[in-house]
Ligand SMILES: Cc1cc2nc3c(=O)[nH]c(=O)nc-3n(C[C@H](O)[C@H](O)[C@H](O)COP(=O)(O)OP(=O)(O)OC[C@H]3O[C@@H](n4cnc5c(N)ncnc54)[C@H](O)[C@@H]3O)c2cc1C
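Residue numbers (this note's numbering): 4 to 351.
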């Protein structure tokens with residue numbers, strides 16, 4: 004049997020481990036986190052990710068534990084809706100639930116090693132870097148010029164036991180900041196993003212919450228209510244990083260999937276979805292083709308597609324987080340609201 008070492012047992016790594024043919028491969032997953040995380044925000048599952056979850060046999064359970072996204076509005080900082088976005092069949096799954104379901108789909112034949120990998124696994128088999136935006140595999144095999152890039156933005160996310168107001172759901176775009184809220188099965192998820200000097204590593208959640216309360220003090224009452232009720236124990240904070248464009252996701256017998264290959268701004272909510280698709284695409288190819296052909300086909304199928312989404316996420320980020328152009332953006336969206344009210348825009 005051929006050996007495959009997967010570095011990183013997050014969304015991409017677990018999905019790959021769950022879909023590789025156990026009769027062909029001896030798979031080992033290296034994951035530094037000893038247990039599943041306890042706090043996680045909602046990840047919007049687009050149709051392509053739902054098809055991947057169906058293939059893994061966990062779609063029904065994923066739906067059962069996740070609220071539908073439904074419709075939500077893009078609003079100005081004061082909370083007035085500009086456009087209404089229909090989420091269609093999309094649902095928002097908690098990262099904790101997604102990881103738990105993917106973990107349960109991994110066959111018992113997969114070897115699990117709990118340790119932080121410090122160098123590329125030796126042994127001669129295929130090495131898969133599924134180790135996220137700060138990927139050691141990418142650094143070791145592609146070189147230090149491919150280190151993750153720090154954006155100026157902070158992402159602060161949290162949960163609350165109840166929804167502050169069903170009418171307030173949606174995303175609020177201010178001057179250089181955005182704030183989102185959505186229903187969850189156990190209350191609500193919320194997130195905030197803006198330029199911040201905190202970090203870049205080990206950011207104190209209480210300091211980030213204090214900064215956010217000051218930042219959003221003049222925003223809609225629903226935002227202020229959420230931030231007043233938020234507690235550090237039910238929040239996650241990080242600076243947002245992205246990866247540089249790689250001219251190939253494959254180098255010899257090393258291949259990258261998920262954020263290790265293409266971490267993008269979270270504005271389109273596609274990173275986890277594309278990580279699932281990467282994993283299933285790679286597994287299908289490895290299960291059916293000789294390794295070198297499978298890797299070439301994977302690179303061809305996934306690199307330009309994820310590049311396009313990365314660029315689209317950055318473009319949307321420039322609009323949502325506009326600073327100098329914010330008055331112009333707001334005038335355009337006010338016009339769109341007046342022309343189209345009450346418009347509903349499908350999300351595909
Ligand atoms: C604020 C924010 C909001 C987002 N919202 C959405 C959304 O709505 N929808 C969506 O689709 N995506 C969203 N994303 C993107 C999504 O979170 C990522 O794309 C996704 O988590 C990538 O999965 P991954 O498995 O590639 O990497 P990760 O989730 O980062 O997993 C990597 C794993 O590797 C492990 N690891 C790392 N280094 C090592 C090592 N050296 N040794 C052993 N283990 C290691 C880590 O512990 C981790 O478990 C969002 C991201 C952010 C920041």
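Glycine included, every Cβ here is placed at the ideal spot set by N, Cα and C.
Consider the C-beta atom of residue i and the heavy atoms of ligand 1; say whether any pair is separated by less than 7 Å.
{"i": "residue 278", "result": "yes"}
{"i": "residue 131", "result": "no"}
{"i": "residue 20", "result": "no"}
{"i": "residue 136", "result": "yes"}
{"i": "residue 146", "result": "no"}
{"i": "residue 34", "result": "yes"}
{"i": "residue 2", "result": "A question about residue 2 goes unanswered here, because the residues of the chain that appear run from 4 up to 351."}
{"i": "residue 269", "result": "yes"}
{"i": "residue 183", "result": "no"}
{"i": "residue 10", "result": "yes"}
{"i": "residue 275", "result": "yes"}
{"i": "residue 53", "result": "no"}
{"i": "residue 295", "result": "no"}
{"i": "residue 175", "result": "no"}
{"i": "residue 139", "result": "yes"}
{"i": "residue 283", "result": "no"}
{"i": "residue 157", "result": "no"}
{"i": "residue 43", "result": "no"}
{"i": "residue 262", "result": "yes"}
{"i": "residue 315", "result": "no"}
{"i": "residue 39", "result": "no"}
{"i": "residue 46", "result": "yes"}
{"i": "residue 243", "result": "yes"}
Here's the rule I'm using: 16 or more other beta-carbon atoms within 10 Å means buried, otherwise exposed. How should residue i be labelled?
{"i": "residue 217", "result": "exposed"}
{"i": "residue 4", "result": "exposed"}
{"i": "residue 34", "result": "buried"}
{"i": "residue 107", "result": "exposed"}
{"i": "residue 20", "result": "buried"}
{"i": "residue 173", "result": "buried"}
{"i": "residue 191", "result": "buried"}
{"i": "residue 93", "result": "buried"}
{"i": "residue 284", "result": "buried"}
{"i": "residue 165", "result": "exposed"}
{"i": "residue 53", "result": "buried"}
{"i": "residue 349", "result": "Any reading at residue 349 is ruled out, since the residue's pLDDT is 42, under 50, leaving its predicted position unreliable."}
{"i": "residue 97", "result": "buried"}
{"i": "residue 311", "result": "exposed"}
{"i": "residue 124", "result": "buried"}
{"i": "residue 8", "result": "buried"}
{"i": "residue 79", "result": "buried"}
{"i": "residue 277", "result": "buried"}
{"i": "residue 152", "result": "exposed"}
{"i": "residue 155", "result": "exposed"}
{"i": "residue 351", "result": "Its pLDDT being 32, under 50, residue 351 is placed unreliably by the model, and the measurement read from it follows with that caveat. By the 10 Å Cβ count, residue 351 comes out exposed."}
{"i": "residue 59", "result": "buried"}
{"i": "residue 100", "result": "buried"}
{"i": "residue 262", "result": "buried"}
{"i": "residue 214", "result": "buried"}
{"i": "residue 347", "result": "Residue placement at residue 347 is flagged as unreliable, the pLDDT there being 46, under the threshold of 50; a coordinate-derived value is accordingly withheld."}
At the 8 Å Cβ level, is residue i part of the contact set with chain D, yes or no?
{"i": "residue 111", "result": "Of the protein chains in the structure, only one exists, and it is not chain D."}
In terms of alpha-carbon separation, which member of the options lies closest to residue i?
{"i": "residue 244", "options": "238, 252, 279, 204", "result": "204"}
{"i": "residue 134", "options": "186, 154, 14, 296", "result": "14"}
{"i": "residue 326", "options": "310, 93, 297, 181", "result": "181"}
{"i": "residue 119", "options": "80, 189, 97, 12", "result": "12"}
{"i": "residue 87", "options": "75, 231, 224, 144", "result": "75"}
{"i": "residue 149", "options": "163, 128, 202, 248", "result": "248"}
{"i": "residue 188", "options": "232, 72, 282", "result": "72"}
{"i": "residue 240", "options": "269, 253, 194, 260", "result": "194"}
{"i": "residue 66", "options": "36, 50, 332, 227", "result": "50"}
{"i": "residue 185", "options": "68, 274, 45, 213", "result": "45"}
{"i": "residue 282", "options": "128, 302, 295", "result": "302"}
{"i": "residue 37", "options": "101, 116, 221, 60", "result": "116"}
{"i": "residue 178", "options": "320, 25, 26", "result": "320"}
{"i": "residue 317", "options": "267, 293, 299", "result": "267"}
{"i": "residue 103", "options": "299, 28, 137, 41", "result": "41"}
{"i": "residue 235", "options": "161, 340, 142, 113", "result": "161"}
{"i": "residue 274", "options": "251, 315, 238", "result": "315"}
{"i": "residue 159", "options": "339, 330, 269, 338", "result": "269"}
{"i": "residue 229", "options": "259, 110, 168, 297", "result": "168"}
{"i": "residue 111", "options": "258, 17, 210", "result": "17"}
Tell me residue i's beta-bridge partners as DSSP assigns them.
{"i": "residue 79", "result": "176"}
{"i": "residue 34", "result": "117"}
{"i": "residue 3", "result": "As displayed, the chain neither begins before 4 nor continues past 351, which places residue 3 out of reach and without an answer."}
{"i": "residue 122", "result": "The partner list for residue 122 (beta bridge, DSSP) is empty, contrary to what the question assumes."}
{"i": "residue 304", "result": "Answer is none; residue 304 lacks a bridge partner."}
{"i": "residue 71", "result": "94"}
{"i": "residue 156", "result": "198"}
Could you check if residue i belongs to the surroundings of ligand 3, using beta carbon to heavy atom distance under 7 Å?
{"i": "residue 110", "result": "The model depicted lacks ligand 3 and carries ligand 1 instead."}
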